[in-house]
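Engineer:
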Amino acid sequence: MPAPRDPAAVVDLLGLHSAIQLAAFTRFAKDAQHAPDLPGQVTISRIAAGELAHLDQLERLASELGADFYTATGAWGHLMGDLDRRTAPGDWSERLVKTYVAFGVLADLQRALSADLGEPLGAVVSDILADNGYADYVVAVLGPVIAAEPQLGARLALWGRRVVGEALGIAQRALEVRPRLLTLLPAEGAAADGADRVRHQLSGGHARRMARLGLTA
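Using UniProt numbering, you'd call the opening residue of the sequence shown number 1 and step up by one each time.
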């Protein structure tokens, strides 16, 4: 494996990837438990299993880098802790939107920081961040209902704003705690305005996801 440009920053990033994937597995598993029908339970359970499998890839990659997987992952645990406490969903629709919004933002953060990793690191991360089908599931389940019930759409749009605020806060704290992550950005983004560029990218991704549901960001 070629020596990375900044080994410490890459280890930080792998730890962040692992913490997010672990949190995603936990979130999808909880969503599967609350799904109102068997097809939903099976679909989301399969997605959760995929997120757990990604942890195996990240653990192998950390080993190849000579890093301790659990130390690198545990360093980020505090960032994810408040998300559930601050955004407890009131019903199934809010639960779907919460996961859709929060982990959409976090996946965009992972993509932004991993865009210039190169091989073989980039190939592993690209596989980890491949579409898992959850967004399509949420759009298929909620899209028609939102279109038919404007009041629900208004409520979920407001809920989405609350959730995205928490998710963007996690992303901001990650960059504040480990500013060297910004050195992994492509050259045009690694300057002093790198954090602003990442925030703009995350906000844009969120707006597009909300639009897919027929909701205003």
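Backbone N, C-alpha and C define an ideal beta-carbon position, used for all residues, glycine too.
(1) Would you report the Cα separation of TRP92 and ASP37, rounded to the nearest angstrom?
(2) Tell me the residue span of the alpha helix (DSSP H) that contains ARG212.
(3) Count Cβ pairs between the segment 122–140 and the segment 39–48 that sit closer than 8 Å; are there 3 or more?
(4) What is the C-beta distance between LEU109 and ALA174, in whole angstroms, given that I count them as a contact (C-beta under 8 Å)?
(5) My assumption, with CB atoms under 8 Å, is that ASP116 sits in contact with LEU185. Please give the rounded CB distance.
(6) Have a look at TRP159 and VAL138 and give me their C-alpha separation to the nearest angstrom.
(7) Using 8 Å as the cut-off, can you tell me whether the segment 94–111 makes contact with the segment 66–79, which would need three or more C-beta pairs spanning the two stretches below that distance?
(8) Apply the 10 Å Cβ neighbour rule to ARG18 and answer buried if 16 or more other Cβ atoms are within range, or exposed otherwise.
(9) What separation, rounded to the nearest whole angstrom, lies between the Cα atoms of PRO150 and ASP6?
(10) By the three-class DSSP mapping on this structure, what secondary structure does PRO179 have?
(11) Does the Cβ of ALA23 have 16 or more other Cβ atoms within 10 Å, making it buried, or fewer, making it exposed?
(12) Let me know the secondary structure DSSP gives GLY189 once reduced to three states.
(13) Cβ of LEU129 within 8 Å of Cβ of LEU168?
(14) Report, in whole angstroms, the separation of the C-beta atoms of VAL141 and LEU96, which I expect to be a contact under 8 Å.
(15) For ILE170 versus LEU113, is the C-beta spacing smaller than 8 Å?
(16) Please return the same chain residues whose Cβ sits closer than 6 Å to the Cβ of GLY205, not counting the five positions on each side in sequence.
Structural biologist: According to the structure data:
(1) When rounded, the separation of the alpha-carbon atoms in TRP92 and ASP37 is 11 Å.
(2) First-last of the alpha helix (DSSP H) with ARG212: 194–212.
(3) Counting Cβ pairs under 8 Å, three or more are found: they touch.
(4) Confirmed, about 7 Å.
(5) With a Cβ gap of about 7 Å, ASP116 and LEU185 count as contacting.
(6) In a straight line, the C-alpha of TRP159 is about 15 Å away from that of VAL138.
(7) Cβ pair count under 8 Å is below three, so no.
(8) A small fix is needed here, since residue 18 is Ser in this sequence, not Arg. Buried.
(9) The straight-line gap from Cα to Cα measures roughly 50 Å.
(10) In the three-state reduction of the DSSP assignment, PRO179 falls in the helix class.
(11) ALA23 comes out buried.
(12) Only weak support exists for where GLY189 lies, its pLDDT of 48 falling under 50; the value from the coordinates is given anyway. Looking at GLY189 - three-state DSSP - the assignment turns out to be helix.
(13) Against a cut-off of 8 Å, the Cβ pair of LEU168 and LEU129 comes out as no contact.
(14) With a Cβ gap of about 7 Å, VAL141 and LEU96 count as contacting.
(15) Their beta carbons are not under 8 Å apart, which means ILE170 does not touch LEU113 by this criterion.
(16) Spatial neighbours of GLY205 in its own chain (CB-CB distance under 6 Å, excluding positions within 5 residues in sequence) are listed in chain order as ASP108.
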